[in-house]
Structures are given as structure tokens and as C-alpha cells.
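Numbering (mature numbering (1 follows the signal peptide of the UniProt record, and there is no 0)), first residue to last: -18 to -1, 1 to 108. By construction, the Cβ of each residue, glycine as well, lies at the ideal position given by its N, Cα and C atoms. To start, the structure itself, in C-alpha cells.
Put into C-alpha cells, the structure is as follows:
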């Protein structure tokens, strides 16, 4: 369940910087988000979940800011990693390459190959 839009509506400052809600005091520091009102009983579980998630993130003041693409192992963006994120699971459920190694007429192999990629025109696609 996404609670961020709900919490943003209750935030005192909608466009705040990390430095405004990060308290460096103490051994590891901590987050201090400010909200416009006290939470209702039925909202406490959502808020607790959110706070647990952000408490796991620490600000390192001695390290320069940088963008990290968390989908890729190396942290750098690639079109391939974006595609893998958008198309989860094995995109090739059918072994398309083996079609060409069968002893079938080329027209049949081509039809099977087109079918495996969903490219055969059917009445609903015309």
C-alpha cells in the first residue's frame, strides 16, 4: 500500500530538502518529518511503516550526492535494465530460436516464429 501521497497531504512543508528533515545529532542521526496534525488511530500503522522505511536510510555528510539506478547492479542506468524492470519475469517463455533448427519448410518455420512473437494477424488485429 502506498502511503506517501497520504503523508504528503499532511506534511507541513510539501517541497522540503533532506537537510530540513535530517537531524545529524546523536550517534547515527535521524529523520524529523513534520506533519500538520496528530494521526488518527487507524493511520498509525501506515505512518509507522513509513517511518521504519526512512529510518533505515542514513545521510552520509562526508560523501558527495550522486544518482544511483537501483535496478542495475552497478548503479548506472541502461535501457536494458529499464526494460527488465518494466517487463518482469522471463520475456521469452517460448524458445523462439529452436524454431529455425527444426526440419520444417521455411514457410512453416516463419509462421511459427511470427506466432511466437505475437505478430500473426488475426481478425481481432485487422
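Annotation: the continuous alpha helix (DSSP H) that includes residue -10 extends over -15 to -9. Within the same chain, 91, 95 come within 8 Å of residue 82 by CB-CB distance, once the 5 residues on both sides are set aside. Counting only residues of its own chain and dropping the five nearest sequence neighbours on each side, residue 10 has a CB closer than 7 Å to the CB of 40. Between residue 68 and residue 62, the alpha-carbon positions lie close to 10 Å from each other. Collapsing the DSSP output to three states places residue 24 in a helix.
Under DSSP, residue 59 forms no beta bridge with any residue. For residue 44, the closest alpha carbon among the candidates 66, 84, 6 is that of 6. Linking residue 19 to residue -9 through their CA atoms gives a straight-line distance of about 7 Å. DSSP places residue 51 outside both helix and strand once states are collapsed to three, so it counts as coil. A straight-line Cα-Cα distance of about 50 Å links residue 37 and residue 97. Measuring C-alpha to C-alpha distances from residue 14 to each of 34, 50, 27, 49 identifies 34 as the nearest.
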